[in-house]
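Reading through the structure tokens given below for one structure.
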Amino acid sequence: MVFFMKKMKYILIAILVLPATLLAQSTEEVAERYLNAIGGEEAIVAFSESKMVGSMSMMGMNIPVTMYVKSPGKVRVESQVMGQSIIQATNGETAWMINPMMGSTAPQKVSASEVSDAGIGDDVFLHMGEEGYSFEYKGESTIDGADYYHIYIEAPSGKQDHYYSKDTGLRVMVESKVTAGPSAGSTVTTYFSDYKEIDGYKVPHSITAKTGGSVLMDMTITTVEKATIDDSTFEMPEN
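The sequence shown begins at 124 in this note's numbering and counts up one residue at a time.
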């Protein structure tokens, strides 16, 4: 059970949480191709508040998951594990969880550094030039036989390495550093695949997170819909 709970803390990191061939490829060009690939700025804005329903495979269990996302950087994940309801959330600044499997039903603040990368979403390129955001084009990478453009991103909600397919322009991989806790210093790699178009917006329906070669979780999204979500959804309740 302790091993299981160690894995659960990665959900927000993994969750959130979606080319050309010249060496002179710029961040702006990669960004433009990505935005076009997933449906354009209008589609991204239309889905800036969304609800996703799916399931997560972890340690032989199939766990129902509902995820609420609101730009920028707000995420709430609700899951049912062995009859217990678990909530993990961040308002973009403060992260918290309710986990009765840890012995308490009271909301607990989570170290911000543990989930600091959770909120870099697929709208991040819309914030280019804004204070608190920086983008560095790191060049081309070949991983497992596939070619990617590599961009390092710093945002108010964290720092990540993003990889975009040279073939499709889509984001297919994100690397996040764990910055606190017993796993501090390790890297969580999240893979996005099975992109499907919904109302002109392409969303990955398969998300896999790994660390040290081990699979932390496999998530399958079954439904994605626009939603109107109050900011209070992401705020930590008072005890």
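Glycine residues also receive a C-beta, built at the ideal position from the N, C-alpha and C atoms.
On a Cα-Cα basis, can you pick out the residue from the options that is closest to residue i?
i	options	result
ILE210	GLU216, MET225, GLY196	MET225
LEU184	GLN231, THR356, GLY196, GLN203	The sequence shown places Met at residue 184, rather than the Leu named in the question. The option with the nearest alpha carbon to MET184 is GLN203.
THR152	ILE321, THR312, TYR287, HIS328	It is Glu, not Thr, that sits at residue 152 in the sequence shown. Comparing Cα-Cα distances from GLU152 to each of ILE321, THR312, TYR287, HIS328, the minimum goes to TYR287.
Which residues in the same chain as residue i place their Cβ atom closer than 6 Å to its Cβ, once the five residues preceding and following it in sequence are excluded?
i	result
SER309	VAL301, THR334
LYS174	TYR191, GLU348, ALA350
ILE344	MET175, GLY177, HIS328
GLU277	SER257
ASP354	none
Would you list the residues sitting across from residue i in a DSSP beta bridge?
i	result
LYS224	As written in the sequence, residue 224 is Met, which differs from the Lys given in the question. Partner(s): none; MET224 has no beta bridge.
ARG199	TYR191, ALA212
GLY177	VAL188, ILE344
ALA218	THR213, VAL233
Only counting the same chain, and skipping five residues up and downstream in sequence, which positions put a Cβ closer than 7 Å to that of residue i?
i	result
THR291	ALA160
PHE170	TYR324, LYS349
ILE186	SER178, MET179, SER202, GLN203, VAL204
VAL233	ALA218, TRP219, MET220
Return the chain-ordered list of same chain residues with a C-beta closer than 8 Å to the C-beta of residue i, the five sequence neighbours on each side being excluded.
i	result
THR265	TYR271
With a floor of 3 residues, list each beta strand (DSSP E) that falls wholly inside the stretch 282-321, ordered by position along the chain.
-> 294-300, 310-321
Quick one: complete beta strand (DSSP E) runs, 3+ long, within the stretch 253-278?
-> 257-266, 269-278
Contained alpha helix (DSSP H) runs [length at least 4] in the stretch 148-173, N- to C-terminal order = 150-161, 164-169
If we count Cβ pairs, one from each stretch, closer than 8 Å, do we get three or more for the stretch 351-359 versus the stretch 320-338?
-> no
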